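So the structure is just underneath, and the comments pick up after that.
Numbering (UniProt numbering), first residue to last: 1 to 170.
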């Protein structure tokens with residue numbers, strides 16, 4: 001009979017899982033801060049505003065690559081990808097009533113209005129009541145979505161880290 005080694009004990013396995021989860025949570029928060037700073041730089045840097053088509057697809061492409069890189073390096077699961085993708089679309093849209101009623105605003109020059117660029121507002125309907133009759137007043141920016149994607153990755157990583165603490169051997 002052989003005694004189990006310390007690396008195979010339940011407490012060392014817990015420590016290993018906890019350290020990995022903590023590292024990923026801290027890395028997720030740090031990379032999200034960098035992604036949000038990148039979005040600010042892309043929106044305010046004059047060098048990225050010269051050509052509207054390059055600006056739109058260039059900035060969104062850069063932000064998407066940063067957010068997807070964060071997911072690939074820190075998580076890589078399909079569930080996290082789907083969750084973050086859904087939130088990256090629904091999150092900015094859920095801000096619209098707050099922006100429309102003046103709780104906060106985005107830089108007007110940042111507004112490229114995706115995914116609402118082709119939407120026609122009708123007068124007297126619920127959407128017009130919540131958001132007003134002109135989506136151009138909302139200054140919705142397409143690079144807000146990748147920021148929501150990154151913040152969702154934070155929530156997932158932090159949740160997994162906190163979950164490992166609940167599994168602590170007693």
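Even glycine gets a Cβ: it sits at the ideal position worked out from N, Cα and C.
Note that the coordinates shown come from a computational prediction; the quantities given were computed from them, not determined experimentally.
- The residue from 160, 150, 161 with its alpha-carbon nearest to that of residue 82 is 150.
- With fewer than 16 other CB atoms across the displayed protein chains lying within 10 angstroms of its CB, residue 166 is exposed.
- Contact between the region 18-37 and the region 153-160 is present: 3 or more CB-CB pairs across the two stretches fall below 8 Å.
- By the neighbour-count criterion, in which a residue is buried when 16 or more other Cβ atoms sit within 10 angstroms of its Cβ, residue 70 is buried.
- Considering only 142, 73, 58, 67, the residue with the shortest C-alpha distance to residue 106 is 142.
- The three-state reading of DSSP puts residue 152 in helix, counting H, G and I together.
- Sequence-distant partners of residue 144 (beyond 5 residues in either direction) whose C-beta falls short of 7 Å from its own C-beta, in its chain, are 92.
- Spatial neighbours of residue 164 in its own chain (CB-CB distance under 6 Å, excluding positions within 5 residues in sequence) are listed in chain order as 17, 18, 21.
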